[in-house]
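Numbering (my numbering), first residue to last: 1 to 136.
Working notes for the structure below.
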């Protein structure tokens, strides 16, 4: 049985996060994450594609550079984003903005500035919580 795009992406994000937290090497998770990157264009929610296209490669980059804590933070940031319209219906933007986003931002040190990529993807994340077609 072939896994659907959302199963591939969600499984790669959650498994990679858990494996890295458990002390596995980045080499153990890079193939999983690369497979997820290859399925991003299958995500029917454009704003989620934008977020994933920015942050999944970032998770790979920081894991390869040995910054496991940042890789885990990025993967945790992504782990429950809605990948399908049905998941979007059940997704709680308020919870994400109140709990998950501040937790992720807290991983940036005092001398670090969140990247322009992060700031651009915040718009996309908020758009996920808007009714279809945008606008409140």
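Heads up, the beta-carbon is just placed ideally off N, CA and C, and yes, glycines get one too.
Predicted model, so just to flag it, every value in this text is computed and none were measured.
>> Checking 7 Å against the spacing of the C-beta atoms, do residue 32 and residue 59 come in under that value?
In response: Counting from 1 along the chain shown, the entry for residue 32 is found at position 32. Counting from 1 along the chain shown, the entry for residue 59 is found at position 59. Contact flag unset, no.
>> Can you tell me whether residue 83 is buried or exposed? The criterion is at least 16 other CB atoms within 10 Å of its CB, across all chains shown.
In response: Position 83 of the chain shown, counted from the start, is the residue given in the question as residue 83. By the neighbour-count rule (16 or more Cβ atoms within 10 Å), residue 83 is buried.
> By Cβ distance, which residues of its chain are closer than 7 Å to residue 94, with the 5 residues on each side in sequence left out?
Replying inline: In the chain shown, the residue the question calls residue 94 occupies position 94. Correct list: empty, nothing qualifies.
>> Please identify the residue among 92, 34, 2 and 67 whose C-alpha is closest to the C-alpha of residue 52.
In response: For the purposes of this step, residue 52 is taken as the residue at position 52 of the chain shown. Comparing Cα positions, the closest option is 34.
> Does DSSP classify residue 91 as helix, strand or coil?
Replying inline: Stepping through the chain shown from its first residue, residue 91 is reached at position 91. In this structure, residue 91 counts as coil in the three-state DSSP scheme.
> In the structure shown, what three-state DSSP assignment does residue 69 receive?
Replying inline: Here residue 69 corresponds to residue number 69 of the chain shown, with the count starting at 1. Of the three classes helix, strand and coil, the one that applies to residue 69 here is helix, per DSSP.
>> Going by C-alpha to C-alpha distance, which of 49, 8 and 56 sits closest to residue 75?
In response: Position 75 of the chain shown, counted from the first residue, corresponds to residue 75. Comparing Cα positions, the closest option is 56.
>> If contacts are defined as beta-carbon pairs under 8 Å, then residue 73 and residue 29 qualify, I think. What distance do you get, rounded to the angstrom?
In response: Residue mapping note: residue 73 aligns to position 73 of the chain shown, counting from 1. Residue mapping note: residue 29 aligns to position 29 of the chain shown, counting from 1. Actually they do not touch by this definition, with Cβ atoms about 14 Å apart.
>> So for residue 103, helix, strand or coil by DSSP?
In response: Locating residue 103 in the chain shown gives position 103, where the first residue counts as 1. Residue state, collapsed to three classes: helix.
>> Out of 21, 123 and 14, which one is the CA nearest neighbour of residue 66?
In response: Position 66 of the chain shown holds residue 66. Of 21, 123 and 14, the residue nearest in Cα terms is 21.
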